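Trainee:
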Amino acid sequence: MSNETLLRQHVVNLLTSKEAHANFESAIKGLPVTLRGEKPNGAEHSPWEILEHLRIAQWDILDFSVNPKYKALDWPAEYWPKSQAPASDAEWNSSVQSFLKDRKKMCDLVADESTDLFQKIPHGDGQTILREALLTADHNAYHVGELVLLRRLLGAWGVAPSRKEEIDAGIRL
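Letter by letter, the sequence shown follows residues 1 to 173 of my numbering.
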C-alpha cells in the first residue's frame, strides 16, 4: 500500500471514526427531543445551535474545496442558526442527514485517487484539499466535544438512553 493511499485512509478515519474521542454519531445519538434547544447554565449554545454550526461550517469548507465560484459566508451571522431550538424533529433530522451527506462527500473527495491532495485550490490563497479535510476534521472534533459537554451538563450523556428516548430522538444511526 502506498503512503498516499495510507494517508487518504487516515484522513477519512479522522473525519468519521471515534478513535481518540466520541464521533458525531455518538454525540447526537439518543439526545432527547426536549433537550435539543436547551442551553445549560453558563453555556453559550444549545445542541441545536452546535449541530447547525457543524452542518453549515462543514458545507462551507466542502463548497470552498470544490466550487470555483465559491462565495464566502458572512462571519459569524451565516455560520450559526437564528434560533436556539429546531422548529421540528424534521428540521433536526434534516440537519443531521445534511451533515452526514456532506461529510461523506468530503471523505469521497479525499479517498478519490484522482484528487491531488497537495495541489493548491485555484480560487484559494494557498489551501489544499488535504488542508481543508484536516480543517474539517479539527473543527468537527472541537464541536462534537462541545456537544458531549452540553449533554453531560444536561444529564443526557453517559447513561444508556431508554427506548422512549431513542424513539423521541427520531434518529436511527
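From the three backbone atoms N, C-alpha and C, an ideal C-beta is built for every residue, glycine too. Since this is a predicted model, take the numbers as computed values, not measurements.
At the level of alpha carbons, what is the spacing between residue 176 and residue 2?
Mentor: What the structure shows of the chain is the stretch from 1 to 173, and residue 176 is not part of that stretch, so it cannot be assessed.
Trainee: When the Cα of residue 148 is compared with those of 6, 5, 12 and 21, which residue comes out closest?
Mentor: If we check each option's Cα against that of residue 148, 21 comes out closest.
Trainee: According to DSSP, is residue 120 part of a helix, a strand, or is it coil?
Mentor: Note: residue 120 maps to strand in three-state DSSP.
Trainee: Do the CB positions of residue 54 and residue 118 come within less than 8 Å of each other?
Mentor: Contact: no.
Trainee: What residue range does the alpha helix (DSSP H) around residue 25 cover?
Mentor: 24-28 is the span of the alpha helix (DSSP H), which, as asked, contains residue 25.
Trainee: Return the Cβ separation of residue 50 and residue 79 in integer angstroms, given the expectation that the two are a contact with Cβ distance under 8 Å.
Mentor: About 12 Å separates the two Cβ atoms, so there is no contact after all.
Trainee: Pick from 34, 6, 52 and 114: whose alpha carbon is nearest that of residue 24?
Mentor: The candidate whose alpha carbon is nearest that of residue 24 is 52.
Trainee: At what residues does the alpha helix (DSSP H) containing residue 47 begin and finish?
Mentor: Looking at the DSSP string, the run of the alpha helix (DSSP H) that includes residue 47 is 47-66.
Trainee: Going by the CB atoms, is the gap between residue 103 and residue 58 shorter than 8 Å?
Mentor: In this structure, residue 103 lies closer than 8 Å to residue 58 by Cβ.
Trainee: Return the residue from the list 125, 134 and 133 that minimises the CA-CA distance to residue 68.
Mentor: Residue 125 is the option with its Cα nearest to residue 68.
Trainee: Suppose only complete runs of 4+ residues qualify. What are the alpha helix (DSSP H) ranges in the stretch 71-98, listed by chain order?
Mentor: None, since the stretch 71-98 contains no complete alpha helix (DSSP H) of that length.
Trainee: Beta-carbon within less than 7 Å of residue 105's beta-carbon, same chain only, minus the 5 sequence neighbours each way: which residues are those?
Mentor: Excluding positions up to five away in sequence, the list reads 62.
Trainee: How about residue 144 and residue 109: do their beta carbons lie closer than 8 Å?
Mentor: For residue 144 and residue 109, no; Cβs fall outside 8 Å.
Trainee: When DSSP labels each residue in this structure, what does residue 115 get in the three-state scheme?
Mentor: Coil.
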